[in-house]
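Contents: one structure, followed by commentary.
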Amino acid sequence: MLISDEFVMLSSLWGWGITRDTYEETKAMLSKRFGTEASWGDVAWSIYAQLTDEFARVPDFEKLATIYACMAAHLHNRHRAHRQCALEYHRYRIMLFREHGFRKVRIDAHPYGCEACEALRDKTYTINEDLIKNPPLPPENCACQLTKSWDAGYCMCQLVAEDLDQKAMLRHLGLKG
Ligand SMILES: [Zn+2]
Ligand SMILES: [Zn+2]
Numbered sequence: 001m002l003i004s005d006e007f008v009m010l011s012s013l014w015g016w017g018i019t020r021d022t023y024e025e026t027k028a029m030l031s032k033r034f035g036t037e038a039s040w041g042d043v044a045w046s047i048y049a050q051l052t053d054e055f056a057r058v059p060d061f062e063k064l065a066t067i068y069a070c071m072a073a074h075l076h077n078r079h080r081a082h083r084q085c086a087l088e089y090h091r092y093r094i095m096l097f098r099e100h101g102f103r104k105v106r107i108d109a110h111p112y113g114c115e116a117c118e119a120l121r122d123k124t125y126t127i128n129e130d131l132i133k134n135p136p137l138p139p140e141n142c143a144c145q146l147t148k149s150w151d152a153g154y155c156m157c158q159l160v161a162e163d164l165d166q167k168a169m170l171r172h173l174g175l176k177g
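Residues 1 to 177 in the working numbering are what the sequence shown lists, from first letter to last.
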């Protein structure tokens, strides 16, 4: 049966060239390698890896951010450490904002976030290499637990773009600045 959280999540990627055939081919390839039937989780993870490779070559920061958000959720759903994927998500979002000509980001803290997240509310950061190397979200000591069934540490805060550099934006669009 094709009914699982993974299926719902991956079905949103169909517009990106992921089809039922992708599932079947990936599943067959993994099952052969494992010598036993690959789970949906394994298939999903492998498809995420294929997509990150593909989008890193473009590079398409928006799609990379989306995939890493899916990967973070995938790990969190399995009670595994997901912070590294969450950092990648924010890193690619910052790179996307820079590409679009923004000079700063501001923290939009989740209304039901933990103390560590709340302490970051409305902080602004200049977009530079240091920030890309060390995204401010999620905070290392995040203890967010938005429902009782979730593990703690799943930060739902967002970075929002600020301070548009019009000339950079026009250059990005291929127009004269
Ligand atoms: Zn938090
Ligand atoms: Zn947070």
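Cβ coordinates follow ideal geometry from the N, Cα and C atoms, glycine included.
Bear in mind that the values here come from a model prediction, so they are computed numbers and not experimental data.
From this set, the options, which residue's C-alpha is nearest residue i's C-alpha?
{"i": "glutamate 140", "options": "Glu54, Tyr125, Ala116", "result": "Ala116"}
{"i": "tryptophan 16", "options": "Met29, Phe55, Ser39, Arg91", "result": "Phe55"}
{"i": "alanine 143", "options": "Ala119, Leu75, Glu24, Ile107", "result": "Ala119"}
{"i": "phenylalanine 102", "options": "Pro135, Pro59, Asn134, Thr126", "result": "Thr126"}
{"i": "aspartate 122", "options": "Val105, Pro135, Lys32", "result": "Val105"}
{"i": "alanine 161", "options": "His79, Phe97, Arg33", "result": "Phe97"}
{"i": "proline 135", "options": "Met95, Asp163, Gly35", "result": "Met95"}
{"i": "cysteine 157", "options": "Tyr89, Asp163, Trp150", "result": "Tyr89"}
{"i": "glutamate 13", "options": "Tyr68, Asp163, Thr124, Asp165", "result": "As written in the sequence, residue 13 is leucine, which differs from the glutamate given in the question. Considering only alpha carbons, the answer is Tyr68."}
What's the gap between the Cα of residue i and the Cα of residue j?
{"i": "alanine 81", "j": "glycine 41", "result": "15 angstroms"}
{"i": "glycine 174", "j": "cysteine 155", "result": "36 angstroms"}
{"i": "leucine 159", "j": "glutamine 145", "result": "19 angstroms"}
{"i": "leucine 87", "j": "asparagine 128", "result": "16 angstroms"}
{"i": "serine 46", "j": "threonine 52", "result": "10 angstroms"}
{"i": "serine 39", "j": "arginine 93", "result": "30 angstroms"}
{"i": "isoleucine 107", "j": "leucine 137", "result": "8 angstroms"}
{"i": "methionine 169", "j": "arginine 57", "result": "22 angstroms"}
{"i": "histidine 172", "j": "alanine 49", "result": "28 angstroms"}
{"i": "alanine 72", "j": "alanine 152", "result": "13 angstroms"}
{"i": "arginine 20", "j": "methionine 29", "result": "14 angstroms"}
{"i": "methionine 1", "j": "histidine 76", "result": "Residue confidence for methionine 1 is low, a pLDDT of 41 falling below 50, so the modelled location carries little weight and cannot support an answer."}
{"i": "arginine 83", "j": "threonine 22", "result": "28 angstroms"}
{"i": "glutamate 25", "j": "cysteine 70", "result": "21 angstroms"}
{"i": "arginine 91", "j": "lysine 133", "result": "7 angstroms"}
{"i": "threonine 36", "j": "arginine 78", "result": "20 angstroms"}
{"i": "histidine 100", "j": "aspartate 165", "result": "9 angstroms"}
{"i": "threonine 147", "j": "alanine 109", "result": "17 angstroms"}
{"i": "isoleucine 18", "j": "alanine 44", "result": "11 angstroms"}
{"i": "aspartate 163", "j": "proline 59", "result": "24 angstroms"}
{"i": "tryptophan 150", "j": "lysine 167", "result": "44 angstroms"}
{"i": "serine 31", "j": "histidine 74", "result": "20 angstroms"}
Cβ of residue i versus every heavy atom of ligand 4: is any distance shorter than 6 angstroms?
{"i": "threonine 124", "result": "Ligand 4 is absent from the structure shown, which contains only ligand 1 and ligand 2."}
### Query
Which residue spans inside the stretch 101-160 form an unbroken beta strand (DSSP E) run of at least 3?
102-108, 124-126
### Task
Using the beta-carbon of each residue, find all residues closer than 7 angstroms to any heavy atom of ligand 2 and list them in chain order.
Ala109, His110, Gly113, Cys114, Cys117, Leu137, Pro138, Pro139, Cys142, Cys144, Cys155, Met156, Cys157
### Query
At a cut of 8 angstroms, does the stretch 57-72 reach the stretch 107-114 through at least three beta carbon pairs?
no
### Query
For the stretch 20-102, which segments carrying the alpha helix (DSSP H) assignment without a break, of at least 4 residues, lie completely within its bounds, in sequence order?
20-34, 40-57, 61-77, 83-99
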